[in-house]
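**Student:** Counting with this note's numbering, you get residues 1 to 212 for the letters of the sequence shown. Quick reminder that beta carbons are idealized off the backbone N, C-alpha and C, glycines included.
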Amino acid sequence: MVWLSDKNKNFPDIENANKDGVLALGGDLSSERLINAYTNGIFPWYSEGEPIIWYSPDPRMVLFFDELKISKSMRKVLRDKIFTVTFNTAFEEVIYQCKSIERGDGLGTWITDDMQNAYIELHKKGIAKSVEVWCGEELVGGLYGVDLGDVFCGESMFSKKSNASKVAFISLAQKLEKENYKLIDCQVYNDHLASLGAEEIPRAIFRQLLEQ
1 MVWLSDKNKN FPDIENANKD GVLALGGDLS SERLINAYTN GIFPWYSEGE
51 PIIWYSPDPR MVLFFDELKI SKSMRKVLRD KIFTVTFNTA FEEVIYQCKS
101 IERGDGLGTW ITDDMQNAYI ELHKKGIAKS VEVWCGEELV GGLYGVDLGD
151 VFCGESMFSK KSNASKVAFI SLAQKLEKEN YKLIDCQVYN DHLASLGAEE
201 IPRAIFRQLL EQ
């Protein structure tokens with residue numbers, strides 16, 4: 001396993017990741033390193049007390065916009081305008097909620113204080129962005145991620161009301177499709193995103209899309 005130094009911001013080739021997708025350990029969460037990571041198909045994912053763990057899984061979960069699935073019930077939610085959606089207006093609150101909300105899987109959060117601060121710094125640089133879902137004046141759902149210009153790398157989402165995170169994801173997908181983005185990077189498989197049309201593709205294909 002490769003250990004990264006704080007000085008060298010480069011990563012090993014992603015094909016060197018192990019079967020679990022782990023590529024390297026250590027390093028830091030500086031904006032420079034995070035930007036380098038995401039542009040090369042790498043992201044950090046670790047728990048408090050662990051070294052930083054850098055992943056590049058194979059296969060990779062992505063959403064191609066023409067595969068977006070909106071159920072009949074979700075179409076009604078969107079049509080009835082139960083929620084109001086904004087973009088990049090409350091980033092710090094969104095990441096705080098993603099960090100703090102109780103997860104149904106009982107695993108708790110993987111967003112450490114250092115990660116929270118690092119992505120807020122990326123947001124200040126215009127690279128990390130958020131989607132907010134409101135019910136009246138209450139923030140009830142949202143997501144955040146890293147915007148590479150034509151690929152959006154989703155990091156985490158939260159929901160305090162039924163369907164709020166789905167509204168955030170669908171609204172983001174529709175917005176990015178209009179802006180000619182290629183895809184949303186969803187990183188690893190989960191049922192929630194699969195129900196919305198996300199699918200697994202080989203890491204090599206994902207890499208080609210990033211390089212293009």
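Is the number of C-beta pairs between the region 94 to 102 and the region 133 to 151 that are closer than 8 Å three or more?
**Tutor:** A contact exists between the region 94 to 102 and the region 133 to 151.
**Student:** Check this for me: beta carbons of I201 and R33, under 8 Å apart or not?
**Tutor:** Here the question's residue 201 lines up with position 201 in the sequence shown. Here the question's residue 33 lines up with position 33 in the sequence shown. Their beta carbons are not under 8 Å apart, which means I201 does not touch R33 by this criterion.
**Student:** Using 10 angstroms around the beta-carbon of L107, count the other beta-carbons present and answer buried if the total reaches 16, otherwise exposed.
**Tutor:** In the sequence shown, residue 107 corresponds to position 107, counting from 1. With a pLDDT of only 43 at L107, under 50, the local geometry of the prediction cannot be trusted, and the value read off the model is given with reservation. Result: exposed.
**Student:** Could I get the ranges of all uninterrupted beta strand (DSSP E) runs contained in the region 78 to 147, with 3 residues as the minimum, in chain order?
**Tutor:** For the region 78 to 147, whole beta strand (DSSP E) runs of length 3 or above, ordered along the chain, are 84 to 87, 128 to 135 and 138 to 147.
**Student:** Can you give the beta carbon distance from I14 to L23, rounded, assuming they're within the 8 Å contact cut?
**Tutor:** Residue mapping note: residue 14 aligns to position 14 of the sequence shown, counting from 1. Residue mapping note: residue 23 aligns to position 23 of the sequence shown, counting from 1. Right, the Cβ-Cβ distance comes to about 6 Å (below 8 Å), so this counts as a contact.
**Student:** If you pair each beta-carbon of the region 172 to 184 with each one of the region 48 to 60, do three or more pairs fall below 8 Å?
**Tutor:** Cβ pair count under 8 Å is below three, so no.
**Student:** Just the C-alpha distance for F87 and G136, rounded to the nearest angstrom, thanks.
**Tutor:** Position 87 of the sequence shown, counting from 1, holds the residue named residue 87. Position 136 of the sequence shown, counting from 1, holds the residue named residue 136. Between F87 and G136, the C-alpha separation is close to 16 Å.
**Student:** Any idea what DSSP makes of L25, helix, strand or coil?
**Tutor:** Within the sequence shown, residue 25 is the residue found at index 25, counting from 1. In the structure shown, L25 sits in a strand (DSSP, three-state: E or B).
**Student:** CA-CA distance, R203 and D150?
**Tutor:** Counting from one through the sequence shown, the residue named residue 203 turns up at place 203. Counting from one through the sequence shown, the residue named residue 150 turns up at place 150. Spanning the two alpha carbons is a distance of roughly 18 Å.
**Student:** To the nearest whole angstrom, what separates the beta carbons of S47 and W110, a pair I think is in contact under 8 Å?
**Tutor:** By 1-based counting over the sequence shown, the position of residue 47 is 47. By 1-based counting over the sequence shown, the position of residue 110 is 110. Confirmed, Cβ separation roughly 6 Å.
**Student:** Relative to the C-alpha of S130, which candidate in S165, L210 and K161 has its C-alpha closest?
**Tutor:** Stepping through the sequence shown from its first residue, residue 130 is reached at position 130. Residue S165 is the option with its Cα nearest to S130.
**Student:** Could you check how far apart the C-beta atoms of A198 and V85 are, in whole angstroms? I think they sit under 8 Å.
**Tutor:** Here residue 198 refers to the residue found at position 198 of the sequence shown. Here residue 85 refers to the residue found at position 85 of the sequence shown. Going by Cβ atoms, the distance from A198 to V85 rounds to 19 Å, so no, they are not a contact pair.
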